[in-house]
Structures are given as C-alpha cells and as structure tokens.
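Heads up, the thing below is written out as structure tokens.
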Amino acid sequence: MSALRNGAMQVRNIMTSAIRPSGLPGGIPASSLPFSVTNRYKLTAYFILFFGSGLATPFWLVRHQLLKK
Numbered sequence: 000m001s002a003l004r005n006g007a008m009q010v011r012n013i014m015t016s017a018i019r020p021s022g023l024p025g026g027i028p029a030s031s032l033p034f035s036v037t038n039r040y041k042l043t044a045y046f047i048l049f050f051g052s053g054l055a056t057p058f059w060l061v062r063h064q065l066l067k068k
C-alpha cells in the first residue's frame, strides 16, 4: 500500500510541476490580444463588422449571381 501511495505522489508531483504560470506581459489577460478590449463600444463595432461581414457575404454573392446578366 505504501509503494502505491509513493507512486501516486510522484505522479502528482510531476503533473503539478508541469503546469506553468502564464506570465502574461502587463499582468492582465487581455494584454496578449491583437485588439483593445478597454473601449466597449469600439469592441462591439469590431465584433459586428467581423461577424456581420462573414454572415452577409454568402447573401451578397447570391445576389450578385442573380443580378448578373
């Protein structure tokens, strides 16, 4: 029983030492993003443009094909 407990403790020690802290520059999680999250309205506009363009593109393409002569 003692050998099993020692083996389990060694595995646990190896697993906990493998986890590294993130070490983000600036200390805040959003500092590694390629855009700013401090301005709520600007971020909302970026989200609407990014996801809206992806959603609207197939409809624009179908409209273009239907209007082509």
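Just so we're aligned, residue 0 is where the sequence shown starts under numbering that gives the first Met the number 0, counting upward by one.
Built from N, CA and C at the ideal position, the CB exists for glycine as well.
- The beta-carbon distance between Ala44 and Val36, rounded to whole angstroms, is 13 Å. This is too long to meet the 8 Å contact definition.
- The three-state reading of DSSP puts Ser35 in coil, since its state is none of H, G, I, E or B.
- Collapsing the DSSP output to three states places Lys41 in a helix.
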